[in-house]
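Report on the structure given below.
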Amino acid sequence: NVVPDDHTRFYFVGIDKARFRKPVEPGDQLVLTAQLERALKGIWRFSTIALVGDSEVAHADMMVAPEAGK
C-alpha cells in the first residue's frame, strides 16, 4: 500500500463518465474537488467535480497510479 506524501508521484491512467455541463470563461474561478472512491490493485479511482460558483460545470471518474516502488 502507498501512503502518499508531498513527494509522491502519481500517473494519470484513465477517465470514465466525463461530462462537460457548461462552458468555463476566462476570469471564472474553477474549483476542483476529488473524493477517493476506491483503491484496488495499485489503481486509485476518484470521483471529481468542477464548480464555478455553485454551478457544476463538469464531472468525471479519474484513475491514477502511484509511481512504482514509491
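In terms of the working numbering, the sequence shown opens at residue 2 and continues consecutively.
Where is the CB? At the ideal position from N, CA and C, for every residue including glycine.
Euclidean distance between Cα positions of proline 67 and phenylalanine 11: 4 angstroms
Out of Ala51, Arg20 and Gly43, point me to the one whose CA is closest to valine 65's CA. Gly43
Is the beta carbon of valine 58 sitting closer than 8 angstroms to the one on glutamine 30? no
Sub-8 angstroms separation of alanine 69 and alanine 19 beta-carbons: no
Pick from Ala51, Ile50, Trp45 and Asp55: whose alpha carbon is nearest that of proline 5? Trp45
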